[in-house]
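Below is one structure; the comments refer to it alone.
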Amino acid sequence: ALVVMELLYYYALAHQDSFDVRWIKKGTVSDSLIAPLAEKLQDEYPLQVLGGCRVGEISLTKKKNKNDDDSSTHLLAVDTISYSTMDGSTHTITDIDGVVLALGCKGMENVIRSSPELAKLEVFSKAASLKGIDVISSRIWFDRKVETRTPANVFSKFEALRGSGGTFFMLDQLQEDDPSLWGDGTEEEGTTTNEHDEPRGSVVACDFYNAGALLSLSDEDIIQTLTEELLPSAVPKFADAKVVDSWVGKYPGVVSWFSPGSYDKRPPLEGAGSQILPGLKCAGDWVRMGEREHGAKGLCQERAFVSGLEAANALLRDVDMTTTPAEVLPVRDDEPQFKAGVALNREVMKYVPRFWVR
Numbered sequence: 357a358l359v360v361m362e363l364l365y366y367y368a369l370a371h372q373d374s375f376d377v378r379w380i381k382k383g384t385v386s387d388s389l390i391a392p393l394a395e396k397l398q399d400e401y402p403l404q405v406l407g408g409c410r411v412g413e414i415s416l417t418k419k420k421n422k423n424d425d426d427s428s429t430h431l432l433a434v435d436t437i438s439y440s441t442m443d444g445s446t447h448t449i450t451d452i453d454g455v456v457l458a459l460g461c462k463g464m465e466n467v468i469r470s471s472p473e474l475a476k477l478e479v480f481s482k483a484a485s486l487k488g489i490d491v492i493s494s495r496i497w498f499d500r501k502v503e504t505r506t507p508a509n510v511f512s513k514f515e516a517l518r519g520s521g522g523t524f525f526m527l528d529q530l531q532e533d534d535p536s537l538w539g540d541g542t543e544e545e546g547t548t549t550n551e552h553d554e555p556r557g558s559v560v561a562c563d564f565y566n567a568g569a570l571l572s573l574s575d576e577d578i579i580q581t582l583t584e585e586l587l588p589s590a591v592p593k594f595a596d597a598k599v600v601d602s603w604v605g606k607y608p609g610v611v612s613w614f615s616p617g618s619y620d621k622r623p624p625l626e627g628a629g630s631q632i633l634p635g636l637k638c639a640g641d642w643v644r645m646g647e648r649e650h651g652a653k654g655l656c657q658e659r660a661f662v663s664g665l666e667a668a669n670a671l672l673r674d675v676d677m678t679t680t681p682a683e684v685l686p687v688r689d690d691e692p693q694f695k696a697g698v699a700l701n702r703e704v705m706k707y708v709p710r711f712w713v714r
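Per the numbering used here, the very first residue in the sequence shown carries number 357; after that it's consecutive.
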């Protein structure tokens, strides 16, 4: 219940003049944000980005505590990391200063299962036991424009959802008829980049969360459910639009599930702690940030981003590097009307018995 109230505050009550979804103007997150960032980092710093690789075992070794003359007192340190590439070959990284595990629940489960020495540490074995929720993502191209009241919309209380939650975003409105929505923008034999620049039909991105009951459906049945039931029920004009093309992606157990009782199992930002394994930290929207807790709450990219900065700063502190820590900006203050409502509620609760609390 407390998690629900916290999310209600963060997503709905606070900062009501800020829309909590920002859709990228052009292209995808991968090719418009991540790829340029990777190139910039490799151009400006002596590092290598190993894209398309999967982490295998993370092995540990004992490291003498430099502040203790007793040779029986040791800290743990990351010794080696094995990883596999897209062609199936396996490689090993050695001489490791520090690691940030920026993993979701499924990634954490896979890494800890392959890393018996990490599994011996309770914080990681607990984190690996947490499960995520199933997600289905789809994209539909229509033959005509469909006008909607808002570009971002939510499905709710439809039987066809089978217990899942759903959203749909009008990409042609959010990205303003970007030709790349239709796969254009590159020269092909016999065509020019401007031949298809005129607006065509709507392009809709539909996502389902907690979608376990829908995962067994075929891609065709999922698209049919959307185009014949859900979308026309939400916006009747969809009934007149025909599907030109579609795509469906299924992702079982990949999104953080803040289930009751899961808090104590979520990985701490500090990992096993500076007194045990100082060279390994954790990042992601599901990590417990402790005294570094931030105003960004719950399932959101802002919290994942902030936790990454805080994990990097914590790693710098523990490995004695002289690099300047990253600045973490707090969320802005609540609006005056929200503060007034909180103050009023606090005064009322002084005299009203909290009958719902035992």
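Note that CB positions come from ideal geometry on N, CA and C, so glycine has one too.
- Counting only runs of 3+ residues, the beta strand (DSSP E) found wholly inside the region 441–509 occupies 446–449, 455–458, 489–498, in chain order.
- For Val611, the enclosing beta strand (DSSP E) covers residues 599–611.
- With distances taken between CA atoms, Ala668 lies nearest to Leu457 out of Leu457, Glu395, Val360, Ile380.
- For Val405, there is no enclosing alpha helix (DSSP H), as DSSP gives it neither H nor E.
- Taking C-beta atoms as the reference points, Arg622 and Arg648 fail to come closer than 7 angstroms.
- The alpha-carbon of Thr436 is positioned some 40 angstroms away from that of Val360.
- Its chain contains His430, Leu431, Leu432, Ala433 as the residues whose beta carbon lies nearer than 8 angstroms to that of Lys419, once the 5 sequence neighbours on both sides are disregarded; these appear in chain order.
- In the three-state reduction of the DSSP assignment, Ser438 falls in the strand class.
- In the three-state reduction of the DSSP assignment, Asp641 falls in the coil class.
- The DSSP-derived three-state label of Leu537 is helix.
- The beta-carbon separation of Gly609 and Asp563, rounded to 15 angstroms, does not stay under the 8 angstroms limit for a contact.
- Boundaries of the beta strand (DSSP E) harbouring Gly521: 521–526, taken from the DSSP string.
- Distance between Arg495 and Lys382, taken at the CA atoms: about 16 angstroms.
- Between the C-alpha atoms of Leu587 and Tyr365 there is a straight-line separation of about 29 angstroms.
- Below 8 angstroms, too few C-beta pairs join the region 629–636 and the region 598–613 to call them touching: fewer than three.
- Judged by pairs of C-beta atoms under 8 angstroms, the region 438–446 does not touch the region 458–466, as fewer than three such pairs exist.
- In the DSSP assignment, Ala696 falls within the unbroken alpha helix (DSSP H) covering 692–705.
- In the structure shown, Gly617 adopts coil according to DSSP, grouped into three states.
- Within the same chain, Asp690, Phe694 come within 7 angstroms of Ala370 by CB-CB distance, once the 5 residues on both sides are set aside.
- Distance from the CA atom of Ala561 to the CA atom of Val704, rounded to whole angstroms, is 44 angstroms.
- Assignment of beta-bridge partners to Pro624 by DSSP yields Arg644.
- For the pair Thr678 and Glu626, the Cα-to-Cα distance works out to about 19 angstroms.
- Setting aside the 5 residues that flank it on each side, Val604 is surrounded in the same chain by Ser494, Asp575, Ile578, each with a C-beta closer than 6 angstroms to its C-beta; the list follows chain order.
- The C-beta distance from Ser663 to Leu486 rounds to 16 angstroms, too long to meet the 8 angstroms contact threshold.
- DSSP places Ala590 within a helical segment (H, G or I) once states are collapsed to three.
- For Ala516, no beta strand (DSSP E) encloses it, and the DSSP letter there is neither H nor E.
- Measuring C-alpha to C-alpha distances from Asp453 to each of Asn509, Asp676, Ser558, Lys706 identifies Asp676 as the nearest.
- In the DSSP assignment, Asp577 falls outside any beta strand (DSSP E) and lies within the alpha helix (DSSP H) extending over 575–581.
- Taking all protein chains in view, the Cβ of Asp451 is surrounded by fewer than 16 other Cβ atoms within 10 Å, so the residue is classified as exposed.
- Annotation for Val600: Trp497, Phe498, Asp499, Gly557 place their beta carbon closer than 7 angstroms to its own, counting only its chain and skipping 5 residues before and after.
- Close CB contacts of Thr581 within its chain, under the 6 angstroms cut and outside five residues either way in sequence, are with Ala516 (chain order).
- In this structure, the CA atom of Ser471 is about 11 angstroms from the CA atom of Leu477.
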